[in-house]
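FYI, the numbering for the sequence shown is 955 to 1443, going by my numbering. Worksheet: the structure to be examined is printed underneath.
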Amino acid sequence: MPGQGEPSFAAELTHFREVRGLSKADLARRMTISPSYVSHLESRRERGSSDLARRLDKELDAGGKIWKAWQDDDGGTQPAPEAAEPPPSAGILVLEDTAALRYNGSVYHLTMHRRLRNTGTEPITRYLVRIAVDRYPGEPERSNALYRAHPLTWEELQLEAHCGDEQMGCVVKHDRDAFKEVWLEFANARSRFPLYPGQEAGITYNYSVTANKWGPWFQRAVRLPTRELTVSLSFPTALQPTVWGTETSLSANFAPLRTPPTQAVDADHTVYTWTTLDPPLHARYRMEWRLKTAHLQESEPVNTPTPSALMAAAGIVQEGDILLQTIARPFDLPAEADEARHVVRQLDAAISRVKELHDFGKGMGIAAPQIGIGRAAAVVVPPGDGSAPIVLLNPTVAESSAETDRQYEGCLSFFDVRGLVPRPLHIVIAHTDIDGTPRLTRFDHGLARLVLHEVDHLDGMLYRSRMEPDTNPIPVEEYRGTGTNWNYS
């Protein structure tokens, strides 16, 4: 963290941008990043990667001051995530999704091809893609140390993208040491070629990553409706590759792919190909491999992350942390309205990250202590698409029914198990609006259960303490209700 009196990275960036007479949009154009990302850097909502900090220092001729401030900032403190935004690719049907990964002995080259159809009512002008690496899945501290020392850089990636014969423009949305997001624009310096409703187009992009940063695994996540998904892996035959695949899920143990990859020899490479039709939305398919090398008998095996490890990597505080045993501090509203809004934005962003990892058929919620903030705020998302989140500030239980039931619950802070928890069927919660207005709100059945789970977190309790004596949680592999709502017939 910066020493007393030393300017932060965000302050130095703002200072030198203004000294050079540049607006945020001007700097964004020079750096080929999104203007909103510049705003997030200057407001400390994003820290950015070490590579980006060096590039900013050079572009603004800061004499090393921006780079030094980035180094001095506390790298262990997560930036405040941005609020969730609407899905950028609504109205897109992926007709074909093909990933071809080729390893030459030192570098992985990935080529992605997607055939898209605009099924919406508005022209599509850009498409968001993600580039994420994790050399040691399930060991976040080890991976973080690697990428802090050797960040993934745009110079290394050499990202190129085309729509048919047209080169696509690239605008960076997020730039972190091991994670990038970039908008592929249906435009370039010469022309624009939006994808209009009813039209189809093929986009292709490719990039490269060295083996010491990639790791022996590749995963495809189905984030858009998709008709056909194919993964192709190509390795030098001399390395005697062994390849297997799993369908990853937080609702059960990692299951083998339902069909094996096919195998063929292409010159000096062995190629493994796997295809599935109409994959379900949010499914994840993971290919793993083992290679024999000249230095080691076999390459290091990959560690499949547990559900709790995945949640920890998404920023969720895990069981054992003292914050989960501490009563959260209420807000003084409306005096602390800005602080309350800030916490709610962070909760919204955490919900967006976690929803990428799991299908919450019962709805879900997150309390501020679960993201490292000891304040009395929680957000509950009811089940069903399009359900509006419920924001609870300073919630307490005003009334609860004598009628109860028992249902299995999961907790993001120990997501490897599910526990049978008795709860009232009807409750009234006293809470406060952002302007200080006191409220009483009634919740019933499953929504009452979700709300009480989060109120418990704010009181420093986990659901284990609500379970009946001599009752223990069961492994998530044994639970059969994931993805479906509780039954209140």
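The beta-carbon is built from N, C-alpha and C at its ideal position, and this holds for glycine as well.
Do G1017 and Y1090 count as a contact pair if the criterion is CB distance below 8 Å?
no
At 3 residues or longer, and completely inside the stretch 1103-1167: list those beta strand (DSSP E) runs for me, N to C.
1114-1117, 1123-1129, 1133-1139, 1154-1164
Between A1330 and L1231, is the Cβ-Cβ spacing less than 8 Å?
no
Judging by CA-CA distance, which residue of M1265, K1309, A1322 is the nearest neighbour of R1283?
A1322
Coarse secondary structure for P1261, derived from DSSP in three states:
helix
Pairwise C-alpha distance: P1105 and E1432
39 Å
Where Y1239 sits in the DSSP three-state scheme
strand
State yes or no: is the C-beta of S1355 within less than 8 Å of the C-beta of P1378?
yes
Counterpart residues of N1072 in DSSP-defined beta bridges:
I1046
CA-to-CA distance, D1011 to R971, given in whole angstroms:
10 Å
Inter-residue spacing [alpha-carbon to alpha-carbon] between D1389 and Y991:
30 Å
Under 8 Å by Cβ, that's how I've got Y1101 and D1129 pegged, so tell me the actual separation to the nearest angstrom.
No, Y1101 and D1129 are not in contact; Cβ-Cβ is about 12 Å, not under 8 Å.
The stretch 1150-1167 / the stretch 1180-1191 touching (three or more Cβ pairs under 8 Å):
no
Roughly how many angstroms lie between the CA atoms of A1303 and D1222, to the nearest whole one?
46 Å
Are at least three pairs of beta-carbons, each pair with one atom in the stretch 1108-1124 and one in the stretch 1139-1151, less than 8 Å apart?
yes
Close Cβ partners of R1307 (< 7 Å) along its chain, the five nearest in sequence each way excluded:
A1268, G1269
Quick one: give me the first and last residue of the beta strand (DSSP E) that V1345 is part of.
1344-1347
Span of the alpha helix (DSSP H) around A1330:
That residue, A1330, is in no alpha helix (DSSP H); it is neither H nor E in DSSP.
Does DSSP put G1319 in a helix, in a strand, or in coil?
strand
Using CA atoms only, rank isn't needed, just tell me which of L1401, E1242, E1135, D1286 is closest to G1319.
L1401
Name the DSSP bridge partner or partners of R1372?
I1428
For F1314, which three-state DSSP category applies?
coil
Can you give me the C-alpha to C-alpha distance between D1107 and G1002, rounded to a whole angstrom?
Checking the displayed sequence, the identity of residue 1107 turns out to be Thr instead of Asp. Cα-Cα distance, rounded: 12 Å.
Going by other Cβ atoms of all chains shown within 10 Å of its Cβ, with 16 needed for buried, is G1340 buried or exposed?
exposed
Can you list, in chain order, the residues of its chain whose CB lies under 6 Å from that of R1396, leaving out five sequence neighbours each side?
V1382
Kindly list the residues whose CB is nearer than 6 Å to the CB of Y1057, restricted to its own chain and excluding five residues on each side of it in sequence; keep chain order.
F1189
Hey, could you find the ends of the alpha helix (DSSP H) S1004 is sitting in?
1004-1013
Between T1425 and the rest of its own chain, which residues show a CB-CB distance below 7 Å, the 5 nearest in sequence each way excluded?
L1374
Can you find a heavy atom of the ligand FAD that lies under 7 Å from the Cβ of L1113?
Summarising the ligand content, the structure contains no ligands, and the ligand FAD is consequently not present.
Contact check, R1080 vs L1138, beta carbons under 8 Å:
yes
Return helix, strand or coil for R1295, following the three-state DSSP convention.
helix
Let me see if you follow: with CB-CB separation under 8 Å, is T1350 close to chain C or not?
Structure shown: chain C not included; a single protein chain is present.
Please say whether T1216 and A1209 have beta carbons closer to each other than 8 Å?
no
Separation of L1404 from F1140, as counted between CA atoms
42 Å
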